[in-house]
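Numbers in our numbering are just positions in the first sequence, counted from 1, shifted up by 23. We put the beta carbon where it would ideally sit given N, CA and C, even for glycine.
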Amino acid sequence: MARPTRTEVVVPELPEVETVRAGIERHVVGRTVATAEVLNPRAVRRDPAGPDGFAAAMTGRTFLRAERRGKYLWFALDDSEALLAHLGMSGQLLVGEPDRPLSPHVRARFTFTDGGPDLRFTDQRTFGHLMLTEIADGERRLVPEPIAHIAADPLEAAFDAKDFAARLVHKKTQVKRALLDQSLISGVGNIYADEALWRAKLHWARPTETLKPAEVSRLLDAVRDVLTEALKAGGTSFDALYVNVNGESGYFDRSLHAYGREGEPCDRCATPIRRDAFMNRSSYSCPRCQRRPRAWQPPVVG
DNA sequence: CTTCAAACCTGTGGGC
DNA sequence: TGCCCACAGGTTTGAA
């Protein structure tokens, strides 16, 4: 039984990041940074200005909006610049009383000129990062320059379902790899990829080029449903490593059908869920509902 | 151009 | 008890 427990780590995907964005928004928008402090330089490793340059450039800036695409969120600082954040595997953005104890995993801290609650970027595994960056043209939307290459996520207006379908079936890869490819569709990680595939009754190894239009449509519907339901539940989170802006854990984990359920009965057919090694991680699927594709032969041309 | 996999990182838990 | 190692995984980078 590998079902995630409250002590396991679960990475923030689109629903969790959106929960953070919405929670942070009302606490920081309209406020001006009094001090910016980088406690671990790795937190700003992608910012060419370095820790000191980053801190100096953030001082005096005002948070205007909180936006998100896929798993990235950012705070617009003016028309041309933004503070971009990725939570990585264990990142949190926490708002609280400025004089509360500094936990050992706080990587960056911002105080505000109004003397109110501060903002802390906490990240145990340090895969997340912050950077101050230019705004640029992304996929049908203005976004921070470093993420101009990622695709729209399926919950935003800029997402083009026809374009996604065309690009998906044109790929020469397995369907789960495609779902995790942020330049094709953003916001989906390992958990929701498995959940969407279970819901759409598709095996993770299915070659994308063999997907029929109805299957692509079913898959996209499944992705949207899974993300939307998780968002309603406040994001999946199993332990203290991931909490929302107010420090509350989510509770969507009870509705997972595939992820982390090795050996447990499928909720549709009771066949034990299996776990496969995949891309140096795990894929969970129902061996009966999600049939492994037969060996596929390329079409003969001519 | 595309696809793929190593590397980055640290806390946890199982095995011995 | 304590040590070691596998595992968790999003993204970048470089190789093929």
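Practice problem: Find the nearest neighbour of T134 within the set P127, G119, R291 and A89, judged by alpha-carbon distance. | Solution: G119
Quiz item: Around the Cβ of S308, are there at least 16 other Cβ atoms within 10 angstroms (buried) or fewer (exposed)?
Solution: buried
Quiz prompt | Assigned secondary structure, W227 (DSSP; H/G/I helix, E/B strand, else coil) | solution = coil
Exercise. Put H109 into one of helix, strand or coil per three-state DSSP.
Key: strand
Quiz prompt | Straight-line Cα distance separating D217 from K199 | solution = 8 Å
Self-check item: Reduced DSSP secondary structure (H/G/I, E/B, other) of E285
Solution: coil
Quiz item: Among Y95, L125, R317 and L117, which residue has its Cα nearest to the Cα of V51?
Solution: L117
Quiz item: Buried or exposed: where does P236 fall if 16 or more other Cβ atoms within 10 Å of its Cβ makes it buried?
Solution: exposed
Quiz item: Apart from the five residues just before and just after Q313, which ones in its own chain have a Cβ nearer than 8 Å to its Cβ?
Solution: L220, W221, K224, L225, H226 and W227
Exercise. Measure the C-alpha to C-alpha separation of T294 and E36 and round it to an integer number of angstroms.
Key: 28 Å
Quiz item: Out of curiosity, what's the CA-to-CA distance linking L155 and V246?
Solution: 31 Å
Exercise. Identify, in the order they occur along the chain, each residue of the same chain with its Cβ nearer than 8 Å to the Cβ of C292, setting aside the five sequence neighbours on each side.
Key: C309, R311 and C312
Exercise. Put A131 into one of helix, strand or coil per three-state DSSP.
Key: strand
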